[in-house]
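Written out below as structure tokens is the structure these notes cover.
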Amino acid sequence: MTARTGVPRRLLRYYEEQELIVPGRDANGYRVYCEEGLARIRQIRELVDAGLPTRLIRKAMPHLGGPVCPELVAALRRRAETLGARIGELTERRDAVLRYLDEIGA
Numbered sequence: 001m002t003a004r005t006g007v008p009r010r011l012l013r014y015y016e017e018q019e020l021i022v023p024g025r026d027a028n029g030y031r032v033y034c035e036e037g038l039a040r041i042r043q044i045r046e047l048v049d050a051g052l053p054t055r056l057i058r059k060a061m062p063h064l065g066g067p068v069c070p071e072l073v074a075a076l077r078r079r080a081e082t083l084g085a086r087i088g089e090l091t092e093r094r095d096a097v098l099r100y101l102d103e104i105g106a
């Protein structure tokens, strides 16, 4: 499954614990993921990578691929603003380091 989704097995179990995914089971009890489940796992991973908490993702999942979820849109906008502010801070720090390097002639 990791090869198909890029998501480690441990993380798949976590998504299952958080009720983000519900895999089927085969005759031996092994988890089975259909194509729709694989797409859902990829969506979850993208949202987690964007910094959204799993509780919000769980609430938004029924709306993905359907009507726009205002709560998800608002959360994504807030996250974009937070990231923009963080980028600004990091840019200032980088510039300070570069100025210092110039000062010491390195």
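In this text, residue positions in the sequence shown follow UniProt numbering: the first is 1, and each later residue adds one. All C-beta atoms in this analysis are idealised placements derived from N, C-alpha and C, irrespective of residue type, glycine included. In this text the structure is predicted, and so the values were computed from the model without any measurement.
Helix, strand or coil: how does DSSP classify residue i here?
i	result
I7	With the sequence shown as reference, residue 7 is identified as Val, and Ile is not the correct amino acid for it. In the structure shown, V7 sits in coil (DSSP, three-state: anything other than H, G, I, E or B).
V73	helix
V32	strand
G37	helix
G65	coil
Taking a contact to mean a Cβ-Cβ separation below 8 Å, would you say residue i touches residue j in this structure?
i	j	result
P23	G6	no
E19	R58	yes
R40	I21	yes
Given a threshold of 16 other Cβ atoms within 10 Å of its Cβ, counted over all protein chains shown, does residue i qualify as buried or as exposed?
i	result
A80	exposed
A85	exposed
Y30	exposed
Please go through the same chain and pick out, in chain order, the residues whose beta-carbon is closer than 6 Å to the beta-carbon of residue i, but skip the five residues on each side of it.
i	result
R93	none
In angstroms with no decimal places, state the Cα-to-Cα distance between residue i and residue j.
i	j	result
M61	L98	44 Å
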